[in-house]
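Chemist: Starting off with a structure, shown below.
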Amino acid sequence: MEVKNTILFVCTGNSCRSQMAEGFMKELLNTNHIILSAGLKPSTVNPVAIKAMNEKKN
């Protein structure tokens with residue numbers, strides 16, 4: 020059984036910073052890692068975060 024490292028990013032709402040960190044880290048690392056994000060008071064994804072990540076991707 021292959022052991023995978025787990026990385027968890029946590030912020031208050033899991034609507035911006037932690038989700039962005041999760042997305043960028045998934046782009047940087049290989050599949051030998053489990054990368055997750057969470058929030059203390061989860062809410063919906065911030066549309067500004069989606070826009071910023073799309074701009075960074077292009």
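Those letters in the sequence shown? Residues 20 to 77, per my numbering, in order. For each residue, glycine too, the CB sits at the ideal point set by N, CA and C. What you are looking at is a predicted structure, and each value in this text was computed from that prediction instead of being measured.
Given ASN65, which residues of its chain have a CB within under 7 Å of its CB, disregarding the five upstream and five downstream residues?
Modeler: Excluding positions up to five away in sequence, the list reads SER34 and CYS35.
Chemist: Roughly how far, in whole angstroms, is the beta-carbon of ASN51 from the beta-carbon of LYS70, given that I think they are within contact range, below 8 Å?
Modeler: Rounded, the Cβ-Cβ distance is 30 Å, inconsistent with contact.
Chemist: Going by Cα to Cα distance, which pick from GLU41, GLY32, THR25 and ILE26 is closest to GLY58?
Modeler: Taking only the C-alpha atoms, the option nearest GLY58 is GLY32.
Chemist: From MET39 to GLU21, what does the alpha carbon distance come to, in whole angstroms?
Modeler: Whole-angstrom Cα-Cα distance: 27 Å.
Chemist: In chain order, what residues of the same chain lie with their CB nearer than 6 Å to the CB of ILE54, ignoring the 5 residues before and after it?
Modeler: Cβ within range, chain order: ILE26, GLU41, MET44 and LYS45.
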